[in-house]
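Residue numbers (the working numbering): 19 to 311. First up is the structure itself, then whatever we jot down about it.
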Ligand code: MN
C-alpha cells in the first residue's frame, strides 16, 4: 500500500523583480515561510515566466560581475538564450532545454546576461535559476562548471501518450539525468498532455516541491494548481500523482535535506557567521579572482 504525499501549501506567484536589466524573475522562496529548511538542499528559486524583450544594442543585458560562495547556481533555459562567464575562465551559452550547473563552492565571480544575438533580435525569454546548497564538507571545494545540453538529458516517455519527463538530475523510472550533484537530489522537467498523468514516489523524509509553469494540474486527485503556482509538499507520505487538466509544463524539485546550519548573506551561503565574515574579507581582497571585460 502506498501513502499519499501530503501538501503543505499551494503558493501563487510573488511580484516580479529585475535581476540587473536582463532578467525579470519571481523569487518564490522569499514568499514561502521557512522554505529554505522545508525544501533543503534548495536555497532559492527564481522563475522567469515568459516575457518578451525588445531588441537592444546592449551586448550585456543582464547582471554584471558578482561573487558566489558555498553553493551551486543552476540555470535552466526554456525560451531564449542566456550567456555566462566566470573568473575561472569557464562560460558558455545555454538555449532552450539546456542547463548550466555551476558549482561556486569556494568562490567565483561571474556575470550573467542575455546572449548577444538574442538580445539584438529581442523575443521571448523563459528560464529559471535555482540555488542548491552544498554540505559543509564541500563548501570550500574548487569551483566546477557543468554545461548540460538538451540532448544529454534523460528522457522518459510516459504511457498512454501522457507526456514526457526530462531528467536533469537524479533518476526517474530508472533513467538518470546527466548532472553530477554533491547530495542526492532530483530535478525533473515534466510535460503533460491534457488528461496525461505522471506518478512519483519520494521518500517521506526527503523534501519535494513543484512549480507549474504552464497549464493546470490536479495533484492526488484533489488539489488544484495552475500556471505560476508553487506546490510545497510535507514530509508525510510518499506517492504523488499529477494529472493535467490542460496541457501542462512542470518543474519538480526533490532532495535529501542537508541537516546543517544555514547562514546566508547575499551571494554567500555558509554554516556560520564567522565563515560569512571570511567570505566578505576574501572577496574584498580579491581572492575570488578577476573578471576581465
Ligand atoms: Mn550569479
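Here a beta-carbon is modelled for each residue, glycine too, at the ideal position from N, C-alpha and C. These numbers come from a predicted model, not from an experiment.
DSSP, reduced to helix, strand and coil, places residue 277 outside both helices and strands of the structure shown, so it counts as coil. For residue 233, the closest C-alpha among the options 46, 246, 207 is that of 246. Under the 10 Å beta carbon count, residue 285 is surrounded by 16 or more other beta carbons and is classified as buried.
For residue 200, the secondary structure class from DSSP, reduced to helix, strand or coil, is coil. Residue burial is scored here from C-beta neighbours: residue 178 has fewer than 16 other C-beta atoms within 10 angstroms and is therefore classed as exposed. Residue 158 is bridged by DSSP to nothing; it lacks a bridge partner. Counting only residues of its own chain and dropping the five nearest sequence neighbours on each side, residue 63 has a CB closer than 6 Å to the CB of 46, 47, 148. Beta-bridge analysis with DSSP links residue 166 to 117. Contact check for residue 24 and residue 255: beta-carbon distance about 5 Å, within the 8 Å limit, so the pair qualifies. Contact between residue 124 and residue 87 holds, with the beta-carbon distance rounding to 6 Å and staying under 8 Å. Pairwise C-beta distances place the segment 292-311 out of contact with the segment 92-100, as fewer than three of them are shorter than 8 Å. Around the C-beta of residue 209, 16 or more other C-beta atoms lie within 10 Å, and the residue is accordingly described as buried.
Residue pairing by DSSP puts residue 126 in a beta bridge opposite 86. DSSP, read as helix, strand or coil, puts residue 236 in strand.
In this structure, the alpha-carbon of residue 107 lies about 22 Å from that of residue 76.
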